[in-house]
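Some notes on the structure that comes next.
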Amino acid sequence: MMATKKTLLVLPQTKPRNPLLVPGLTRRAGPHGKTRKAVRQQMLQRTQQAIAALLNGDKTEFEID
41 MMATKKTLLV LPQTKPRNPL LVPGLTRRAG PHGKTRKAVR QQMLQRTQQA IAALLNGDKT
101 EFEID
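Convert by adding 40 to the 1-based position in the sequence shown; the result is the number in my numbering.
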């Protein structure tokens with residue numbers, strides 16, 4: 041009878057998963073609400089519209105939005 045040599049199988053250990061970390065890896069941060077740039081652009085647009093309305097005579101000086 042021939043003796044068969046047993047080979048040892050070594051599996052690399054994986055780190056245990058942290059369930060609290062997984063949602064954070066999938067999320068991406070983004071702006072909440074309007075950015076400063078968008079607010080500035082909107083203010084500029086409203087100012088230009090108000091000036092155009094005054095020049096066209098559509099609005100009197102004392103009207104308030």
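Backbone N, C-alpha and C define an ideal beta-carbon position, used for all residues, glycine too.
Alpha carbon to alpha carbon, how far is residue j from residue i? Give it in angstroms, no decimals.
i: Val-79; j: Ala-92; result: 20 Å
i: Leu-60; j: Thr-66; result: 12 Å
i: Thr-75; j: Gly-97; result: 33 Å
i: Leu-51; j: Pro-63; result: 28 Å
i: Gln-89; j: Arg-57; result: 56 Å
- [ ] Could you pull out every unbroken beta strand (DSSP E) segment of at least 3 residues lying fully inside the region 72-98, listed in chain order?
- [x] none
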